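Note sheet for the following structure.
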Amino acid sequence: MERLVIWSPRVLSVLRIVAALLFMEHGLMKLLHFPAAQPGAPDPLPPLLLAAAWLEIIGGVLLTVGLFTRPVAFVLSGQMAIAYFLAHGSKGFWPALNGGEAAILFCFVFLYLVFQGPGEWSVDAQVRKRP
233 MERLVIWSPR VLSVLRIVAA LLFMEHGLMK LLHFPAAQPG APDPLPPLLL
283 AAAWLEIIGG VLLTVGLFTR PVAFVLSGQM AIAYFLAHGS KGFWPALNGG
333 EAAILFCFVF LYLVFQGPGE WSVDAQVRKR P
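Under the working numbering, the residues of the sequence shown are numbered 233 to 363, in order.
What follows is the structure, given as structure tokens:
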């Protein structure tokens, strides 16, 4: 198991990148209908969903490259907590039944990034390495 530990910072980066790309997709679906329109999203978007879409796109890009990871992840974790309670929690207690599983997972993955940082493959890590 000790050989796995040396891979930990790189696997953290992979988790950050994959989560960010999936998150960004939600914003692209809301705003640009790419790869398709988000099911159930009104057109045009109300201001709250428009702000959420921009946070998802810009935050997703920043997390993908690992720039300002901790503060961005903090904001996005909060966004997902609010999204869960506004859009899903009111539909019932169980996340598997109210459609809130993704929001909860994003919330806690981003919260983990706040505390753990971006991993080895990130702009933040490269900036820290400079003399």
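Beta carbons: idealized from backbone N, C-alpha and C, even for Gly. In this text, all values refer to a predicted model and were calculated from it rather than measured experimentally.
- Restricted to the region 287 to 336, the alpha helix (DSSP H) segments that are unbroken, complete and at least 4 residues in length are 301 to 315 and 327 to 330, listed in chain order.
- Each of Val346, Phe338 and Trp353 was checked against the Cα of Ala252, and the nearest Cα belongs to Phe338.
- Counting every other CB atom within 10 Å of its CB across the protein chains shown gives Gly324 a total below 16, marking it as exposed.
- Measuring C-alpha to C-alpha distances from Leu308 to each of Ala285, Ala328 and Ala269 identifies Ala285 as the nearest.
- With fewer than 16 other CB atoms across the displayed protein chains lying within 10 angstroms of its CB, Ile238 is exposed.
- Judged by their CB atoms, Leu247 and Val341 are nearer to each other than the 8 Å cut-off.
- Put simply, the backbone Cα of Lys262 is about 42 Å away from that of Arg235.
- Between Val346 and Phe306, the C-beta spacing is below 8 Å.
- Counting of Cβ neighbours within 10 angstroms places Ala269 among the exposed residues, the total staying below 16.
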